[in-house]
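Protein chains in written order, with this note's numbering: chain A, 250 to 525; chain Y, -16 to 240.
In what follows, a structure is listed as structure tokens, so that the remarks can point back to it.
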Amino acid sequence: MIPDPAAHSARSSTRIAPARLRLDRITSRYDDHGQSTLALEDISFDVADGEFVALIGASGSGKSTLLDIISGLFAQTSGEVALDGEMLPLKARLGRTAYMRQRDLLLPWRSALDNAALALEVHGMSRRDAREIAAQRFPEFGLAGFERAYPAQLSGGMRQRVAFLRTVLADRPLLLLDEPFGALDALNRVALQTWLLDLWERERRAVLLVTHDLDEAIFLADRVVVFSPRPGRVVHVEPIDLPRPRSREIVTTPQFLAHRAVLLDALGLLQTGGAA
Amino acid sequence: MRTFVFRWLGPIAILVLLVAVWEIAVRVNDIPKWQLPTPTDIATAFREDHALLWEHTRVTLREVLLGFACALVAGVVVGIAIDASRVLERAIYPLIIASQTIPMVALAPLLLIWFGYGLAPKVIVAALVCFFPIAVNTVDGLRDADREMLAMLRSMGASGWQRFRLVKIPAALPSLFTGARIAIAFAVIGAVFGELVGASAGLGYLMERSAAQFQTARVFAAILILSLMGVGLFALVATIERIALPWRRFITDADRS
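Listed below in structure tokens is the structure:
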């Protein structure tokens, strides 16, 4: 089930816009007590403008490491990262993407409004202007009336939405989302997935979402990239051809379940009976 | 207001009881005033000597505040330097800890020889005792800064100064205030100790002189003022902390860990 690189690039080149993100043979090794461990091996794939790509794999398959590499926080051992067609070294990638990790990472001493405006301030906007821009989007994120609340006063779901708003307001063409719903309970997670989909339909920014939730990946993405367990390698790329806009009912359709079966197989989760 | 009254009712009742027992015991046993004055004697001392007490209180208060301010600046600067550089940490940190083993009792007479009977040696003693808690708590606070928050700022393209200003400093403030609260109480002890070694003014000096003249009630009055000064300054720092860090009120113990 290894994807044909030729077919893959042919598919991308049919698009007019250049790839927001292009990963070319990314390999990552790290030293663990003098022992060299391979975390990522030969990772190559693109995320086109306006495309939603989900990255799925067992924990420890280096998915988060890959996002750290793309955002410029962590150096790859070999391979290239290109953003908007521009090959960028590590430090030059800092500030080029909007990266949201699993933890909301709200600064406890800042109000919800000031947390949401953080990236704007970092990019040089005055606090007043940044606040004004952030405040306009509070109702849309279901946060109206909570502008002055501190993170400790907010529920988990609300905190996550503030973190989302902060990521969106960073105004970068590529969003990197590392299990943004991982810490939430099932009900909250489903609600936020639907909400994220609505938001994405309106903004159509390129998204690379890391998740270990199969349904989440199929429900949200245009393409699902499957990683093998350590070292992480791309074992399958599944285009999701479900019509948009999507609603929650789609998860029970035969097409959805067909994608699910293929992805379960790619993850090696259908061979439970056939243990050698 | 109601809870406030209830919280303080117990301590106040015990205090009133103790003062009453003291007054009665001294009168009944006919203990001479120079040996142990009654609470009313001390109240009289306050009334008669208030100008004198105020004059010396001002001297001590100035020593305490100057010493604390010097230690605050030095402690924060050294704390930041230790946090910023591993080389400086290895060079300075062991020395700071070792310096705490030098007893102030041994150092104060030397300061007297070098700086005389004036303001300087008291300010230095107060600053020296304040410095350690402030510097150590600053280092601890800066180290407590969440690494993932710092990484997030980096991924936004934040400069080193922005990360310091937006994450490290606010993260260090609660710990810095803890150090400051301990330090301000130490500063009062330090200043009085400096005065006892050799001085021409201040509550420590007044206590020593009054004791030599068997003005025991005035000694008690000075002790009472020192105690109130320590409590008052501690409360002042705690109040500034509450106003400066409003977000801390919503943090539960579970969040802190």
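Just so it is clear, CB atoms sit at the ideal spot from N, CA and C, and this is done for glycine as well.
For clarity, every value in this text was computed on a predicted model and none was experimentally measured.
Does any CB atom of chain A fall closer than 8 angstroms to the CB of L136 of chain Y? As a first step, residue 136 of chain Y is located in the second sequence; it is residue number 153 there, counting from the start. Judged by the 8 angstroms Cβ criterion, L136 of chain Y is in contact with chain A.
Just to confirm my understanding: we take L446 of chain A, look at its own chain, exclude 5 residues before and 5 after, and list those with CB closer than 8 angstroms. What are they? In the first sequence, counting from the first residue as 1, residue 446 of chain A sits at position 197. Excluding sequence neighbours, L446 of chain A sits near F468, L469, P494 and R495.
If you reduce the DSSP assignment to three classes, tell me which class S327 of chain A lands in. Stepping through the first sequence from its first residue, residue 327 of chain A is reached at position 78. Of the three classes helix, strand and coil, the one that applies to S327 of chain A here is strand, per DSSP.
Interfacial residues, the segment 480 to 495 of chain A to chain Y, with Cβ spacing under 9 angstroms: none
Between the alpha carbons of L219 of chain Y and M190 of chain Y, how many angstroms are there, rounded? Position 236 of the second sequence holds residue 219 of chain Y. Position 207 of the second sequence holds residue 190 of chain Y. Answer to the nearest angstrom: the Cα atoms are 25 angstroms apart.
Whose C-alpha, out of Y:R225, Y:I167, Y:I117 and Y:A194, is nearest the C-alpha of T43 of chain Y? In the second sequence, the residue the question calls residue 43 of chain Y occupies position 60. Closest option to T43 of chain Y, Cα to Cα, is Y:I167.
Backbone CA spacing between F147 of chain Y and R130 of chain Y [nearest angstrom]: The count along the second sequence starts at 1 and reaches residue 147 of chain Y at position 164. The count along the second sequence starts at 1 and reaches residue 130 of chain Y at position 147. Their Cα atoms are separated by approximately 12 angstroms.
Residues that DSSP places opposite R472 of chain A in a beta bridge: In the first sequence, counting from the first residue as 1, residue 472 of chain A sits at position 223. DSSP lists A:V302 and A:P488 as partners of R472 of chain A.
Once you ignore the five residues that flank S313 of chain A on each side, which residues in its own chain have a CB closer than 6 angstroms to its CB? Sequence index remark: in the first sequence, residue 313 of chain A carries index 64 (1-based). The answer, listed in chain order, is D427.
Neighbour flag for G394 of chain A against chain Y, beta carbons, 8 angstroms: Counted from its first residue, the first sequence places residue 394 of chain A at position 145. Not closer than 8 angstroms to any Cβ of chain Y, the Cβ of G394 of chain A fails to qualify, so no.
Going by C-alpha distance, which of A:L392, A:A365 and A:R342 is nearest G140 of chain Y? Taking the second sequence and counting its residues from 1, one reaches residue 140 of chain Y at position 157. Nearest C-alpha to G140 of chain Y: A:R342.
Along the chain, where does the beta strand (DSSP E) that runs through R278 of chain A open and close? Translated into the one-based positions of the first sequence, residue 278 of chain A becomes position 29. That run of the beta strand (DSSP E) goes L270 to D281.
For R271 of chain A, collect the residues of the same chain with a Cβ closer than 6 angstroms to its Cβ; drop the 5 residues on either side in sequence, then sort them by chain order. Taking the first residue of the first sequence as position 1, residue 271 of chain A is located at position 22. For R271 of chain A, where only same-chain residues beyond five positions count, the Cβ hits under 6 angstroms are D295 and A331.
Since R386 of chain A contacts S327 of chain A with CB under 8 angstroms, what's their CB separation in whole angstroms? Taking the first residue of the first sequence as 1, we reach residue 386 of chain A at position 137. Taking the first residue of the first sequence as 1, we reach residue 327 of chain A at position 78. With a Cβ gap of about 40 angstroms, R386 of chain A and S327 of chain A do not count as contacting.
K16 of chain Y and A200 of chain Y closer than 8 angstroms at C-beta: Looking up residue 16 of chain Y in the second sequence gives position 33. Looking up residue 200 of chain Y in the second sequence gives position 217. Yes. Within cutoff.
Beta strand (DSSP E) segment containing S293 of chain A, residue limits: As a first step, residue 293 of chain A is located in the first sequence; it is residue number 44 there, counting from the start. That run of the beta strand (DSSP E) goes Q284 to V296.
Quick test of your reading: A170 of chain Y and C113 of chain Y, contact by CB under 8 angstroms. State the CB separation rounded to the nearest angstrom. Here residue 170 of chain Y is taken as the residue at index 187 of the second sequence, counted from 1. Here residue 113 of chain Y is taken as the residue at index 130 of the second sequence, counted from 1. With 8 angstroms as the limit, A170 of chain Y and C113 of chain Y qualify as a contact, their Cβ atoms being about 5 angstroms apart.
Under 8 angstroms Cβ-Cβ, which residues of chain A neighbour V150 of chain Y? Position 167 of the second sequence holds residue 150 of chain Y. What V150 of chain Y touches in chain A: L356.
Whole-angstrom Cβ separation of Q409 of chain A and L458 of chain A, contact assumed at under 8 angstroms? Looking up residue 409 of chain A in the first sequence gives position 160. Looking up residue 458 of chain A in the first sequence gives position 209. Contact flag wrong, Cβ pair sits at about 14 angstroms.
In the DSSP assignment, find the unbroken alpha helix (DSSP H) run with Y76 of chain Y in it and report its ends. Translated into the one-based positions of the second sequence, residue 76 of chain Y becomes position 93. Looking at the DSSP string, the run of the alpha helix (DSSP H) that includes Y76 of chain Y is R69 to S82.
With distances taken Cα to Cα, identify the nearest neighbour of L216 of chain Y among Y:I165, Y:R232 and Y:S183. Residue 216 of chain Y sits at position 233 when you count from the first residue of the second sequence. Nearest of Y:I165, Y:R232 and Y:S183 to L216 of chain Y, Cα basis: Y:I165.
Span of the beta strand (DSSP E) holding Y188 of chain Y? Within the second sequence, the letter at position 205 stands for residue 188 of chain Y. Here Y188 of chain Y belongs to no beta strand (DSSP E); instead the alpha helix (DSSP H) covers L186 to A195.
Counting pairs of beta carbons, one from the segment 389 to 405 of chain A and one from the segment 353 to 371 of chain A, are three or more of them closer than 8 angstroms? yes
Rounded Cβ spacing between A361 of chain A and F395 of chain A (contact assumed at less than 8 angstroms): Walking along the first sequence from the start, residue 361 of chain A turns up at place 112. Walking along the first sequence from the start, residue 395 of chain A turns up at place 146. Yes, they are in contact, since the Cβ atoms of A361 of chain A and F395 of chain A sit about 5 angstroms apart, within 8 angstroms.
Are the C-beta of V(-1) of chain Y and some C-beta of chain A separated by less than 8 angstroms? Position 16 of the second sequence, counted from the first residue, corresponds to residue -1 of chain Y. Answer no: the Cβ-Cβ gap between V(-1) of chain Y and chain A never drops below 8 angstroms.
For A252 of chain Y, I'd like the list of residues in its chain whose CB is within less than 7 angstroms of its CB, leaving aside the five on either flank, ordered along the chain. Past the boundaries of the shown model lies residue 252 of chain Y; chain Y is included only from -16 to 240, so the question cannot be answered.
Proximal chain D residues relative to E131 of chain Y, where beta-carbon distance stays under 8 angstroms: Looking at the structure shown, chain D is missing, and the protein chains on hand are A and Y.
Let me know if G334 of chain A comes out buried or exposed under the rule of 16 or more other beta-carbons within 10 Å of its beta-carbon. Here residue 334 of chain A corresponds to residue number 85 of the first sequence, with the count starting at 1. So G334 of chain A counts as exposed.
Under DSSP, the beta strand (DSSP E) around D420 of chain A begins and ends at which residues? Numbered from its first residue, the first sequence carries residue 420 of chain A at position 171. Element bounds for D420 of chain A: n/a, residue is neither H nor E.
Using a Cβ-Cβ cut-off of 8 angstroms, state whether A259 of chain A counts as contacting chain Y. Reading the first sequence from its first residue, position 10 is the one you call residue 259 of chain A. Per-residue confidence for A259 of chain A stands at a pLDDT of 43, beneath the threshold of 50, marking its modelled position as unreliable; no derived number is given.
Check each residue of the segment 383 to 416 of chain A: if its Cβ is closer than 7 angstroms to any Cβ of chain Y, include it; give the result in chain order. Y399, A401 and Q402
Any Cβ of chain Y within less than 8 angstroms of the Cβ of A366 of chain A? Taking the first residue of the first sequence as position 1, residue 366 of chain A is located at position 117. No - not a single Cβ of chain Y is within 8 angstroms of the one on A366 of chain A.
Got a sec: which bits of the segment 280 to 307 of chain A sit with their beta carbon under 9 angstroms from any beta carbon on chain Y, in order along the chain? none
Kindly indicate which three-state DSSP category E6 of chain Y falls into: helix, strand or coil? Against the second sequence, residue 6 of chain Y aligns to sequence position 23. Three-state result, E6 of chain Y: helix.
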